[in-house]
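Protein chains in written order, with our numbering: chain V, 1 to 335; chain S, 1001 to 1263. Cβ atoms here follow ideal geometry from the backbone N, Cα and C, with glycine treated the same way.
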Amino acid sequence: MWLALVLIIVLTILSIYGAFIGAERAQQFFNKPSLVVYWIALAILLIVGIAAFRRLFRVPGLLLIHAGCVLILVGGLWGSQGGHNLQKKLFGIDKIRSGRMAIYENSSENHVTLSGTREQKELPFSLKLNDFRIEYYQPAYLQIETADGNIQRVTAELGQQIDLGPEYGKAEIVRMFENFKMSIEDGKRIAFDDPRPGLNPALEVQITPTSGEATTHHVFSLHPGFGHTQGGPKMIYERPPYRAISDYISELEVIDKEDNIVARKDIEVNHPLHYGGYHFYQSSYDDKAGQYTILQVVSDSGLYVVYAGYWMLCLGVIWHLWLRHIFSRFKAKSI
Amino acid sequence: MEIKYTIQGLLVYMTIAAYLLAFVTTIFRRPKIGHIIYLLGFAIAVCSLGYRWYHVRHVPLQNLFEVFLCLGMIYPVSLFCRKALRVGGYAADMLIGAIVLFPAGFVFNAEPQQLPPALQSWLFTPHVAVYMFSYIFMAKATFQAICQLAGRNPKPGENLLPPEEATYRIICVGFPLLTLGLILGSYWGKQAWGDYWGWDPKELWSLVSWLVFLGYFHFRYMFGKKHTRINSFWAIAGMAAIIITLLWVNLSRIFSGLHSYAT
Chain V
1 MWLALVLIIV LTILSIYGAF IGAERAQQFF NKPSLVVYWI ALAILLIVGI
51 AAFRRLFRVP GLLLIHAGCV LILVGGLWGS QGGHNLQKKL FGIDKIRSGR
101 MAIYENSSEN HVTLSGTREQ KELPFSLKLN DFRIEYYQPA YLQIETADGN
151 IQRVTAELGQ QIDLGPEYGK AEIVRMFENF KMSIEDGKRI AFDDPRPGLN
201 PALEVQITPT SGEATTHHVF SLHPGFGHTQ GGPKMIYERP PYRAISDYIS
251 ELEVIDKEDN IVARKDIEVN HPLHYGGYHF YQSSYDDKAG QYTILQVVSD
301 SGLYVVYAGY WMLCLGVIWH LWLRHIFSRF KAKSI
Chain S
1001 MEIKYTIQGL LVYMTIAAYL LAFVTTIFRR PKIGHIIYLL GFAIAVCSLG
1051 YRWYHVRHVP LQNLFEVFLC LGMIYPVSLF CRKALRVGGY AADMLIGAIV
1101 LFPAGFVFNA EPQQLPPALQ SWLFTPHVAV YMFSYIFMAK ATFQAICQLA
1151 GRNPKPGENL LPPEEATYRI ICVGFPLLTL GLILGSYWGK QAWGDYWGWD
1201 PKELWSLVSW LVFLGYFHFR YMFGKKHTRI NSFWAIAGMA AIIITLLWVN
1251 LSRIFSGLHS YAT
């Protein structure tokens, strides 16, 4: 018991230290070989404790709590980088512990850049990105009014098209800007999204007539009417200046080595894809043109052992501290 | 510090006033009237939370203002402790309620915010709600621990437990909630961020809170009868860790991390 108390106090002190050094350094610190020795010692002490203290077998709640802690530690160690190295040595299972992959729209990818390195590894299957989109709480719209009085309105998203009829052809949103700026390079005007603080939301709309060359127009939400041409369609970009993002969505397909689609999922925050021993999470995206998504890839090794430990710990604590007292009270009342 | 000239602010101030009035009435030996005012304060606190819920259109547990609004609804915990656990401390609960609502009324920003993608999960409400309940129980346990250290025992005839035993009983109720909060948070972290444990300062401080109460149980099992005062110090240390987890981690720049949106 003394040893258990000492290990609890040591872990408390280490956790306080870890909280002060930040998540990244704390992760490295708690994965150091000396700390791995501590985790293994803690797991062994718990196993020895379960075997040595006969009282635990008479108190199922306490047994569940301690066994649950063992499973959490074992699952955590098995799912760590060291655990993955051990899996490779013992069973020849060569799994990626964690990494990132970037996938462009309408293309497939199976290369994962490993976390903390530039090394790349291949997955035994590919992921195809059909579409990546950002959803907002307050939607934005592009409205186009042609000279003949025809008004059309679409949500302002990349790739959205409007058929303007035989005279005007078709309009398509080809770029979106949060802070539109122009620069002049070699006598040419080049539009770009300025990452510095500022707000000038704009759309780049390409109008392709049925006969003739395509023309590019910029539509500004804060300057309506700016850039309207005589006789040309009037365009309005309706959106509130600041919009809160409600979701990031990547529409994915899993493709096996024989080019068959084996799974489909629209992944979003809190809804990862689970396939082939990996979880795929929406992690980042192309913030300039929205053309690619960045996924976080995490191995599921040891995960279900940890989850089993969570269940046992929860059931054990609730049984030992709540239910057993409630049942004994009912029993006493019924007698 | 700012005064909120809004309906929300008015409801918070009315709750604080009711709790303080209930406290004063109770310590001036009018416990029945104090109880009625306490109940009235609770009713206003419920209206305040309901109003906020209607206003922001999601469960109001997103930021510190909403969390403290929720913590202010302490009355059911007082009632449960009194009826089911034989633990007193109504007057202290009234004061705790007023203290907890003070930062909601005068310090924290009440600007409504939309839920960021990471918080749009079924785990949002249970994870935060069980933590809030456990924190209220642990605050009550700490008050009992302080009473034990101060040598204040319930009056004979009140049919209440002595403070050391009361501390233990309340921690027995709060600890499973603390465990559930930690595990639900870990499961949610896996769903949202890819790892069930990210070594984030908030995660580590919540682990510290859990470990201190775990240490309390082990210590009490080993020396429960011999060193009863040290048991109480464990409980107070646990509450200190909870305060750091809830406040310092979110308000200080020392601990920037994944939970920063909760400010």
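Going by beta-carbon coordinates alone, are Pro233 of chain V and Thr146 of chain V separated by less than 8 angstroms? Counting from one through the first sequence, the residue named residue 233 of chain V turns up at place 233. Counting from one through the first sequence, the residue named residue 146 of chain V turns up at place 146. Going by C-beta atoms, Pro233 of chain V is nearer than 8 angstroms to Thr146 of chain V.
Mind checking the stretch 1206-1225 of chain S against chain V and listing, in chain order, the residues whose C-beta falls within less than 8 angstroms of any C-beta there? Leu1207, Val1208, Leu1211, Val1212, Leu1214, Gly1215, His1218, Phe1219, Tyr1221 and Met1222
Within 8 angstroms (strictly less), CB to CB, does Cys1070 of chain S reach chain V? Within the second sequence, numbered from 1, the residue matching residue 1070 of chain S stands at position 70. Chain V, which has no Cβ nearer than 8 angstroms to the Cβ of Cys1070 of chain S, makes this no.
Residues that His279 of chain V contacts on chain S, provided the C-beta gap is smaller than 7 angstroms: By 1-based counting over the first sequence, the position of residue 279 of chain V is 279. By Cβ distance, chain S contributes Gly1194.
Alpha-carbon spacing of Gly1194 of chain S relative to Leu222 of chain V, whole angstroms: Position 194 of the second sequence, counting from 1, holds the residue named residue 1194 of chain S. Position 222 of the first sequence, counting from 1, holds the residue named residue 222 of chain V. C-alpha separation (whole angstroms): 39 angstroms.
Where does Asn1159 of chain S fall in DSSP's three states? Within the second sequence, numbered from 1, the residue matching residue 1159 of chain S stands at position 159. Coil at Asn1159 of chain S, not helix or strand.
Reference Ser246 of chain V; option with closest CA among S:Leu1246, S:Pro1116 and S:Pro1163: Working through the first sequence from its first residue, we reach residue 246 of chain V at position 246. Selected option, being the one with the closest Cα: S:Pro1116.
DSSP state of Tyr1090 of chain S mapped onto helix, strand, coil: Walking along the second sequence from the start, residue 1090 of chain S turns up at place 90. Three-state DSSP puts Tyr1090 of chain S in a helix.
Between which residues of its own chain and Gly83 of chain V is the CB-CB distance below 7 angstroms, once the five residues before and five after are set aside? Within the first sequence, numbered from 1, the residue matching residue 83 of chain V stands at position 83. Answer for Gly83 of chain V: Leu77, Ser301 and Gly302, listed in chain order.
Label His111 of chain V either buried or exposed according to how many other C-beta atoms from any shown protein chain fall within 10 Å of its C-beta, with 16 as the threshold for buried. As a first step, residue 111 of chain V is located in the first sequence; it is residue number 111 there, counting from the start. The residue in question, His111 of chain V, is exposed, as its Cβ has fewer than 16 Cβ neighbours within 10 Å.
How many angstroms separate the CA atom of Phe1042 of chain S from the CA atom of Leu1069 of chain S? Walking along the second sequence from the start, residue 1042 of chain S turns up at place 42. Walking along the second sequence from the start, residue 1069 of chain S turns up at place 69. Rounded to the nearest angstrom, the two C-alpha atoms are 11 angstroms apart.
Report yes or no: do three or more beta-carbon pairs, one from the stretch 1003-1017 of chain S and one from the stretch 1223-1234 of chain S, lie closer than 8 angstroms? no
Closer than 8 angstroms, Cβ to any Cβ of chain V: which residues of the stretch 1170-1184 of chain S, in chain order? Cys1172, Val1173, Phe1175, Pro1176, Thr1179, Leu1180 and Ile1183
Determine, using beta-carbon pairs with one atom in the stretch 303-310 of chain V and one in the stretch 59-74 of chain V, whether at least three such pairs fall under 8 angstroms. yes
Gly1181 of chain S versus Tyr1131 of chain S: straight-line alpha-carbon distance, rounded: Along the second sequence, one-based indexing puts residue 1181 of chain S at 181. Along the second sequence, one-based indexing puts residue 1131 of chain S at 131. Distance between the alpha carbons of Gly1181 of chain S and Tyr1131 of chain S: 5 angstroms.
Over what stretch of residues does the beta strand (DSSP E) that includes Phe1108 of chain S continue unbroken? If you number the second sequence from 1, residue 1108 of chain S lands on position 108. No beta strand (DSSP E) holds Phe1108 of chain S; DSSP gives it neither H nor E.
Start-to-end residues for the alpha helix (DSSP H) that takes in Phe330 of chain V: Along the first sequence, one-based indexing puts residue 330 of chain V at 330. Arg324 to Ser334 is the span of the alpha helix (DSSP H), which, as asked, contains Phe330 of chain V.
Report the residue from V:Met176, V:Ile207, V:Asp186 and V:Gln206 whose alpha carbon sits nearest the alpha carbon of Phe192 of chain V. For this step, residue 192 of chain V is matched to residue 192 along the first sequence. It is V:Met176.
When the cut-off is 8 angstroms and only beta carbons count, does Asp1093 of chain S lie next to chain V? For this step, residue 1093 of chain S is matched to residue 93 along the second sequence. Chain V, which has no Cβ nearer than 8 angstroms to the Cβ of Asp1093 of chain S, makes this no.
Coarse secondary structure for Ser1232 of chain S, derived from DSSP in three states: In the second sequence, the residue the question calls residue 1232 of chain S occupies position 232. If DSSP states are grouped into helix, strand and coil, Ser1232 of chain S belongs with the helices.
Own chain residues within Cβ distance below 7 angstroms of Gln168 of chain V, not counting five before or after: Within the first sequence, the letter at position 168 stands for residue 168 of chain V. According to the sequence displayed, residue 168 of chain V carries Tyr and not Gln. Counting only Cβ-Cβ distances below 7 angstroms, and skipping sequence neighbours, we find Thr146, Ile207, Pro209 and Pro233.
Name the chain V residues that come within less than 8 angstroms of Gly1198 of chain S, Cβ to Cβ? Looking up residue 1198 of chain S in the second sequence gives position 198. Under the 8 angstroms cutoff, chain V gives Ala23 and Gln27.
Contact between the stretch 1067-1083 of chain S and the stretch 1094-1103 of chain S (3+ Cβ pairs under 8 angstroms): yes
When the cut-off is 8 angstroms and only beta carbons count, does Tyr1054 of chain S lie next to chain V? As a working note, residue 1054 of chain S is residue 54 in the second sequence. No - not a single Cβ of chain V is within 8 angstroms of the one on Tyr1054 of chain S.
Could you give the distance in angstroms between the alpha-carbon of Val1056 of chain S and the alpha-carbon of Val1067 of chain S? For the purposes of this step, residue 1056 of chain S is taken as residue 56 along the second sequence, with counting starting at 1. For the purposes of this step, residue 1067 of chain S is taken as residue 67 along the second sequence, with counting starting at 1. Taking the straight line from one Cα to the other gives about 14 angstroms.
Among S:Val1212, S:Leu1207, S:Lys1083 and S:Gly1198, nearest to Gly22 of chain V - alpha-carbon criterion: If you number the first sequence from 1, residue 22 of chain V lands on position 22. Answer by Cα proximity: S:Gly1198.
Give, in chain order, every residue of the stretch 264-275 of chain V whose Cβ lies closer than 8 angstroms to some Cβ of chain S. Glu268, Val269, Asn270, His271 and Pro272
Nearest-angstrom Cα distance between Tyr1221 of chain S and Ile8 of chain V? Residue 1221 of chain S sits at position 221 when you count from the first residue of the second sequence. Residue 8 of chain V sits at position 8 when you count from the first residue of the first sequence. Near 14 angstroms, if we compare the C-alpha coordinates of Ile8 of chain V and Tyr1221 of chain S.
With DSSP as the reference, label Phe226 of chain V as helix, strand or coil. Position 226 of the first sequence, counted from the first residue, corresponds to residue 226 of chain V. Note: Phe226 of chain V maps to coil in three-state DSSP.
Beta-carbon proximity list for Leu56 of chain V, same chain, < 8 angstroms, skipping 5 on both sides: Along the first sequence, one-based indexing puts residue 56 of chain V at 56. Correct list, in chain order: Gly49, Ile50, Leu62, Leu63 and His66.
Determine the chain S residues that contact Phe30 of chain V at a beta-carbon separation under 8 angstroms, and present them in chain order. Numbered from its first residue, the first sequence carries residue 30 of chain V at position 30. Under the 8 angstroms cutoff, chain S gives Trp1199.
Using a C-beta cutoff of 8 angstroms, does Met336 of chain V count as contacting chain S? The structure shown does not extend to residue 336 of chain V, since chain V spans only 1 to 335, so no value can be given for it.
Strictly under 8 angstroms for the Cβ-Cβ distance: is Gln1144 of chain S near chain V by that measure? Looking up residue 1144 of chain S in the second sequence gives position 144. Not an interface residue.
Kindly indicate which three-state DSSP category Lys1226 of chain S falls into: helix, strand or coil? Start at 1 with the first residue of the second sequence, and residue 1226 of chain S comes out as number 226. Lys1226 of chain S: coil per DSSP, three-state reduction.
Assuming Leu127 of chain V and Glu109 of chain V form a contact by the criterion Cβ under 8 angstroms, report the distance between their Cβ atoms to the nearest whole angstrom. By 1-based counting over the first sequence, the position of residue 127 of chain V is 127. By 1-based counting over the first sequence, the position of residue 109 of chain V is 109. Going by Cβ atoms, the distance from Leu127 of chain V to Glu109 of chain V rounds to 6 angstroms, so yes, they are a contact pair.
Would you mind working out which of S:Arg1082, S:Tyr1196 and S:Ser1134 sits nearest Pro1154 of chain S, comparing C-alpha positions? Here the question's residue 1154 of chain S lines up with position 154 in the second sequence. Taking only the C-alpha atoms, the option nearest Pro1154 of chain S is S:Arg1082.
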